[in-house]
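Notes follow the structure.
Protein chains: 2
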Amino acid sequence: MTGQVRTVDGRVAGRRGQATRQKLLDCLSEMLSSSPYRDVKVIDVARKAGTSPATFYQYFPDVEGAVLEIAEQMATEGAALTELLEGRSWAGKAGWQTAQELVDGFLEFWRRNDAILRVVDLGAAEGDKRFYKLRMKILNSVNNSLADAVAGLQAKGRVDKDVNPAAVAGSLVAMLAAVASHQKGFSSWGVKQAELKPNLAMLVHLGVTGRKPTK
Amino acid sequence: MTGQVRTVDGRVAGRRGQATRQKLLDCLSEMLSSSPYRDVKVIDVARKAGTSPATFYQYFPDVEGAVLEIAEQMATEGAALTELLEGRSWAGKAGWQTAQELVDGFLEFWRRNDAILRVVDLGAAEGDKRFYKLRMKILNSVNNSLADAVAGLQAKGRVDKDVNPAAVAGSLVAMLAAVASHQKGFSSWGVKQAELKPNLAMLVHLGVTGRKPTK
DNA sequence: TCGGTAAGCTGACGTCATGACAGGACAAGT
DNA sequence: ACTTGTCCTGTCATGACGTCAGCTTACCGA
Chain A
1 MTGQVRTVDG RVAGRRGQAT RQKLLDCLSE MLSSSPYRDV KVIDVARKAG
51 TSPATFYQYF PDVEGAVLEI AEQMATEGAA LTELLEGRSW AGKAGWQTAQ
101 ELVDGFLEFW RRNDAILRVV DLGAAEGDKR FYKLRMKILN SVNNSLADAV
151 AGLQAKGRVD KDVNPAAVAG SLVAMLAAVA SHQKGFSSWG VKQAELKPNL
201 AMLVHLGVTG RKPTK
Chain B
1001 MTGQVRTVDG RVAGRRGQAT RQKLLDCLSE MLSSSPYRDV KVIDVARKAG
1051 TSPATFYQYF PDVEGAVLEI AEQMATEGAA LTELLEGRSW AGKAGWQTAQ
1101 ELVDGFLEFW RRNDAILRVV DLGAAEGDKR FYKLRMKILN SVNNSLADAV
1151 AGLQAKGRVD KDVNPAAVAG SLVAMLAAVA SHQKGFSSWG VKQAELKPNL
1201 AMLVHLGVTG RKPTK
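These protein sequence lines map, in sequence, to chains A and B.
End of the first sequence sits at 215 in my numbering; the numbers just go up one at a time, nothing left out.
End of the second sequence sits at 1215 in my numbering; the numbers just go up one at a time, nothing left out.
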């Protein structure tokens, strides 16, 4: 499954090469956190990694290509988000617990990877299929679980027939992602982190079950 | 209030100058719609506007500066979003109507300005105060109206005490913005535009009132 | 131990964008 | 026609981009 790592000109990368490659990725990651995407230059990344621009181009076609690589790594990590919802109940107090833990885990994941997720989001919004699919890959686990939950409740008649589970799940996930991206925004809007979370959890619970949580 | 339009080196711009300036802004706007933000170059904008890069730099310090200008224009337009909520009721059928019209108007506004809003969002997420304030300016009208609505219902005891109106309003607005940015995403997730809207409206209604809408 | 081969890196180069300036073109008033 | 101030562009130094040939290093079989 894991194809060999290759340079742009087709050579297979050995131990040393892979180390250099990874170092470049790490440095790029750092740069993305500290300066605007538009201002990230190959030459700076290379300098930071203690190598030359030519080396960068040996491993990646361009900055975008390297970003995709980082995002891909993160996406596989992101599969861990599934566990936030795997086998959880949405009924009664357990439901409130589920919602809270989902919000907590999701925000934490986003905070940890905010720089790269910003870029993925931008790429997806710009219509780039590669970023777009990547974003789906990251969010799919949560999205599907949520959609299943809604569909399940719907089958039991506890949620209206005319609700579209996929639409609701997608909207809730989009909300979580957007709030996570602009966490700082809220704090200067007079809403503290600690206050934000339970309110988000309530919205998620409301969206999934159609009812206020029992706490 | 509207200070005279000035060039970078301090001269006041005359009629012809303002026309050129505006043409540059329009062309930049177009470029943002058709190519990734990272690849938008001053030289391309200038060429498209039938002028030279030097002219661009006479009116704007850089691409970012010009983007801020466009966004500022859009922000004043965006004040019209207030009307979507001005004096509306959230009770009974009227509440459902309100939610629907809010979603409709918001999505339409975002669709019309998606290119520039993408960039504003990115800038804000990257922590740039200027973009950040601009984003607030655009969303404030809707956000405040929503927060007021929630606070009002709360005062009447129809919404729980421990709900934070600002947090809920902010989250809902973030959701609307995020969904609008990734509208295409939903369609390839098997959710059509027409289906999306009522589900979004339901979520908004749920979030504001804590109850399912009566249709 | 030695030489062959492929991996790994970089100096150097042509190309292009950036941003600054000085000076020419142009419109408006006299 | 002449002056004045606005407006635009040719030109230039600087620096990033992306490519290539060629040098160095590591590995491996004989």
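We treat Cβ as the ideally placed atom computed from N, Cα and C, and that holds for glycine.
In this text the structure is predicted, and so the values were computed from the model without any measurement.
Counting beta carbon pairs with one atom in the segment 77–92 of chain A and one in the segment 105–115 of chain A, are three or more of them shorter than 8 Å? Taking a cut-off of 8 Å for Cβ pairs, the segment 105–115 of chain A and the segment 77–92 of chain A touch, as three or more such pairs fall below it.
Can you list, in chain order, the residues of its chain whose CB lies under 8 Å from that of B:Val1008, leaving out five sequence neighbours each side? For the purposes of this step, residue 1008 of chain B is identified with residue 8 of the second sequence, where counting begins at 1. Tyr1057, Gln1058, Tyr1059, Phe1060 and Pro1061, listed in sequence order.
Give the secondary structure of B:Val1103 by DSSP, where H, G and I count as helix, E and B as strand, and everything else as coil. Counting from one through the second sequence, the residue named residue 1103 of chain B turns up at place 103. The answer is helix: DSSP assigns B:Val1103 an H, G or I state.
Limits of the alpha helix (DSSP H) - the one that B:Lys1041 falls within: Your numbering for residue 1041 of chain B matches position 41 in the second sequence. Segment: none, B:Lys1041 is in no alpha helix (DSSP H) and carries neither H nor E.
Going by C-alpha to C-alpha distance, which of A:Asp162, A:Ala201, A:Lys212 and A:Lys215 sits closest to A:Val103? Here residue 103 of chain A corresponds to residue number 103 of the first sequence, with the count starting at 1. The shortest C-alpha separation from A:Val103 is found at A:Ala201.
Checking contacts by CB at 7 Å: is B:Trp1189 closer than that to chain A? Within the second sequence, the letter at position 189 stands for residue 1189 of chain B. Yes, because at least one Cβ of chain A sits closer than 7 Å to the Cβ of B:Trp1189.
Local conformation of B:Met1001 per DSSP, three classes: Counted from its first residue, the second sequence places residue 1001 of chain B at position 1. For B:Met1001, the predicted structure reports a pLDDT of 38, less than 50, and the residue's modelled location is therefore unreliable. The matter cannot be settled from this model.
Run through chain B and tell me which residues come within less than 9 Å of A:Glu195, C-beta to C-beta. In the first sequence, residue 195 of chain A corresponds to position 195, counting from 1. Simply Asn1164, Ala1166 and Ala1167.
Run down chain A in chain order and give the residues with a C-beta less than 7 Å from the C-beta of B:Gly1207. Within the second sequence, residue 1207 of chain B is the residue found at index 207, counting from 1. Per Cβ cutoff of 7 Å: Leu203 and Leu206.
Helix, strand or coil: which one does DSSP assign to A:Arg6? Counted from its first residue, the first sequence places residue 6 of chain A at position 6. Of the three classes helix, strand and coil, the one that applies to A:Arg6 here is strand, per DSSP.
So, is B:Gln1193 buried or exposed, given that buried needs 16 or more other C-beta atoms within 10 angstroms? Taking the second sequence and counting its residues from 1, the one referred to as residue 1193 of chain B is at position 193. Here B:Gln1193 is exposed: its Cβ has fewer than 16 other Cβ atoms, across all protein chains shown, within 10 Å.
How many angstroms separate the CA atom of A:Arg47 from the CA atom of B:Leu1032? In the first sequence, the residue the question calls residue 47 of chain A occupies position 47. In the second sequence, the residue the question calls residue 1032 of chain B occupies position 32. The straight-line gap from Cα to Cα measures roughly 30 Å.
Inter-residue spacing [alpha-carbon to alpha-carbon] between A:Ile43 and A:Asp128: Here residue 43 of chain A is taken as the residue at index 43 of the first sequence, counted from 1. Here residue 128 of chain A is taken as the residue at index 128 of the first sequence, counted from 1. Counting only the Cα atoms, A:Asp128 lies some 25 Å from A:Ile43.
Cutoff 7 Å: A:Ser171 Cβ touching any chain B Cβ: Taking the first residue of the first sequence as 1, we reach residue 171 of chain A at position 171. Judged by the 7 Å Cβ criterion, A:Ser171 is in contact with chain B.
Residues of the segment 14–48 of chain A whose Cβ lies closer than 8 Å to any Cβ of chain B, in chain order: Pro36, Tyr37 and Arg38
Could you give the distance in angstroms between the alpha-carbon of B:Asn1164 and the alpha-carbon of B:Leu1028? The count along the second sequence starts at 1 and reaches residue 1164 of chain B at position 164. The count along the second sequence starts at 1 and reaches residue 1028 of chain B at position 28. Near 40 Å, if we compare the C-alpha coordinates of B:Leu1028 and B:Asn1164.
Would you say A:Asn144 reaches chain B, if we count a Cβ-Cβ gap shorter than 7 Å as a contact? Indexing the first sequence from 1 puts residue 144 of chain A at position 144. It does not: the Cβ of A:Asn144 has no partner Cβ on chain B nearer than 7 Å.
Hey, would you say A:Val204 sits closer than 7 Å to A:Val173, going by beta carbons? In the first sequence, residue 204 of chain A corresponds to position 204, counting from 1. In the first sequence, residue 173 of chain A corresponds to position 173, counting from 1. Against a cut-off of 7 Å, the Cβ pair of A:Val173 and A:Val204 comes out as no contact.
Looking at B:Ala1155 and B:Trp1090, is the spacing between their C-beta atoms short of 7 Å? As a working note, residue 1090 of chain B is residue 90 in the second sequence. As a working note, residue 1155 of chain B is residue 155 in the second sequence. For B:Trp1090 and B:Ala1155, no; Cβs fall outside 7 Å.
Taking B:Phe1131 as the reference, which of A:Ala180, A:Leu176, A:Gly185 and A:Val168 has the closest Cα? Along the second sequence, read from residue 1 onward, the residue named residue 1131 of chain B stands at position 131. Of the listed residues, the one whose Cα sits closest to B:Phe1131 is A:Gly185.
Does the CB of A:Leu153 have a neighbour CB from chain B at under 7 Å? Sequence index remark: in the first sequence, residue 153 of chain A carries index 153 (1-based). Not closer than 7 Å to any Cβ of chain B, the Cβ of A:Leu153 fails to qualify, so no.
For B:Gln1004, which residues of its own chain have a beta-carbon under 8 Å away from its beta-carbon, when the five flanking residues on both sides are left out? Sequence index remark: in the second sequence, residue 1004 of chain B carries index 4 (1-based). The residues Val1012 and Ala1013, in chain order, have a CB closer than 8 Å to that of B:Gln1004 in the same chain once the five nearest residues on each side in sequence are set aside.
Supposed close pair B:Ser1145, B:Leu1085 - CB separation, criterion 8 Å: Indexing the second sequence from 1 puts residue 1145 of chain B at position 145. Indexing the second sequence from 1 puts residue 1085 of chain B at position 85. B:Leu1085 and B:Ser1145 do touch by the CB rule: their CB atoms are close to 4 Å apart, below 8 Å.
Taking 7 Å as the threshold (beta carbon to beta carbon), is B:Thr1002 in contact with chain A? Position 2 of the second sequence, counted from the first residue, corresponds to residue 1002 of chain B. Bear in mind that the predicted position of B:Thr1002 carries a pLDDT of just 45, short of 50, making it unreliable; the figure below should be weighed with that in mind. With 7 Å as the cut-off, B:Thr1002 does not count as an interface residue toward chain A.
Taking 7 Å as the CB-CB limit, is B:Met1175 close to chain A? Locating residue 1175 of chain B in the second sequence gives position 175, counting from the first residue. It does; some Cβ of chain A falls within 7 Å.
Residues of chain A with CB closer than 8 Å to the CB of B:Glu1126, please, in chain order. Residue mapping note: residue 1126 of chain B aligns to position 126 of the second sequence, counting from 1. Result: Pro36, Tyr37 and Arg118.
Should B:Gly1078 be flagged as near chain A, meaning a C-beta pair shorter than 7 Å? The residue you call residue 1078 of chain B lines up with position 78 of the second sequence. Judged by the 7 Å Cβ criterion, B:Gly1078 is not in contact with chain A.
Own chain residues within Cβ distance below 7 Å of A:Arg211, not counting five before or after: The residue you call residue 211 of chain A lines up with position 211 of the first sequence. There are no such residues.
Inter-residue Cα distance where the pair is A:Lys93 and A:Ala180: Start at 1 with the first residue of the first sequence, and residue 93 of chain A comes out as number 93. Start at 1 with the first residue of the first sequence, and residue 180 of chain A comes out as number 180. Distance from the CA atom of A:Lys93 to the CA atom of A:Ala180, rounded to whole angstroms, is 25 Å.
C-alpha distance - B:Gln1022 paired with A:Thr209, whole-angstrom precision: As a working note, residue 1022 of chain B is residue 22 in the second sequence. As a working note, residue 209 of chain A is residue 209 in the first sequence. Straight-line Cα distance between these residues: approximately 50 Å.
Checking contacts by CB at 7 Å: is A:Phe186 closer than that to chain B? Residue mapping note: residue 186 of chain A aligns to position 186 of the first sequence, counting from 1. Output row for A:Phe186: interface = yes.
Can you pull the DSSP bridge partners for B:Val1012? In the second sequence, counting from the first residue as 1, residue 1012 of chain B sits at position 12. Looking at the DSSP assignment, B:Val1012 forms a beta bridge with B:Arg1006.
Assigned secondary structure, B:Lys1215 (DSSP; H/G/I helix, E/B strand, else coil): As a working mapping, residue 1215 of chain B is identified with position 215 in the second sequence. Three-state result, B:Lys1215: coil.
Exposed unless 16 or more other CB atoms sit within 10 angstroms - verdict on B:Ser1187: Numbered from its first residue, the second sequence carries residue 1187 of chain B at position 187. Exposed: under 16 other Cβ atoms inside 10 Å.
B:Pro1053 (DSSP reduced to helix, strand or coil): As a first step, residue 1053 of chain B must be located in the second sequence, where it is residue number 53. B:Pro1053 falls in the helix class under three-state DSSP.
Expressed to the nearest angstrom, what Euclidean distance is found between the alpha-carbon atoms of A:Gly65 and B:Thr1214? In the first sequence, the residue the question calls residue 65 of chain A occupies position 65. In the second sequence, the residue the question calls residue 1214 of chain B occupies position 214. Approximately 49 Å, taken between the alpha carbons.
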